Amino acid sequence: MVHQKCDNQLMEIKKFLKGDLDCFSRGQIRRISKQAELCALNVRDILFRLGRATKDRHMPDELRLVVPESLRPDLLY
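Structure, rendered in structure tokens:
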């Protein structure tokens, strides 16, 4: 998703998940690691949030597309 590349926070999480840690300080790594543990990248480099199954613990986690902050007002609720 092209729009994810425009969001600095999402790009930090993507870099972290890919193992590109050289550009981060220790404090940044701690902060980003907390956010990244709830995320996953697919083979197309698209960031998803892991939605934990709450009702049935035996169900697999759901992948939910991470929408950049700049696009959130455009979503219909």
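Following numbering that gives the first Met the number 0, the numbering of the sequence shown begins with 0 at its first residue and continues without gaps. For glycine and all other residues, C-beta sits at the position ideal for the given N, C-alpha and C. Note that the structure is predicted; figures quoted are calculated from it, not measured.
Pick from the options that is closest to residue i, judged by C-alpha positions
| i | options | result |
| --- | --- | --- |
| Ile12 | Arg43, Glu36, Val1 | Glu36 |
| Cys87 | Gly26, Gln34, Leu46, Ile28 | As displayed, the chain neither begins before 0 nor continues past 76, which places residue 87 out of reach and without an answer. |
| Gln3 | Arg43, Asp60, Gly18, Gly50 | Arg43 |
| Leu62 | Pro72, Asn41, Arg25, Lys33 | Asn41 |
Residue range of the unbroken beta strand (DSSP E) whose run includes residue i
| i | result |
| --- | --- |
| Asn29 | According to the sequence as given, residue 29 is Arg; it is not Asn. Careful: Arg29 lies outside any beta strand (DSSP E), inside the alpha helix (DSSP H) at 25 to 35. |
| Glu68 | No beta strand (DSSP E) contains Glu68, which DSSP labels as neither H nor E. |
| Thr48 | It is worth fixing the name first, because residue 48 is Arg in this sequence and not Thr. Taken as a continuous stretch (DSSP letters only), the beta strand (DSSP E) holding Arg48 covers 46 to 50. |
Euclidean distance between Cα positions of residue i and residue j
| i | j | result |
| --- | --- | --- |
| Ala39 | Leu16 | 7 Å |
| Asn7 | Ile31 | 12 Å |
| Lys14 | Phe23 | 10 Å |
Limits of the alpha helix (DSSP H) - the one that residue i falls within
| i | result |
| --- | --- |
| Leu16 | 7 to 17 |
| Val1 | 1 to 4 |
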